[in-house]
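Numbering (my numbering), first residue to last: 7 to 56.
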């Protein structure tokens, strides 16, 4: 088996497991988290400053 075949096989095996999240899979969750935080902060009442 060549190096690239081994690498592809390991990536496919890892993608079938639940535990590790591959870097390209984390992007959507990360964007959603930042969007949720931004939306929550926009809904907070403005506090008066002394």
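Ideal Cβ positions, reconstructed from N, Cα and C, are used throughout, including at glycine.
(message) By the three-class DSSP mapping on this structure, what secondary structure does residue 24 have?
(response) As a position in the chain shown, residue 24 is number 18, starting the count at 1. In the three-state scheme derived from DSSP, where H, G and I count as helix and E and B as strand, residue 24 is classed as coil.
(request) Classify residue 47 as helix, strand or coil using the three-state DSSP reduction. (result) Counted from its first residue, the chain shown places residue 47 at position 41. Looking at residue 47 - three-state DSSP - the assignment turns out to be helix.
(request) Report the rounded CA-to-CA distance for residue 7 versus residue 48, giving the unit in angstroms. (result) Position 1 of the chain shown, counted from the start, is the residue given in the question as residue 7. Position 42 of the chain shown, counted from the start, is the residue given in the question as residue 48. Approximately 54 Å between the Cα atoms of the pair.
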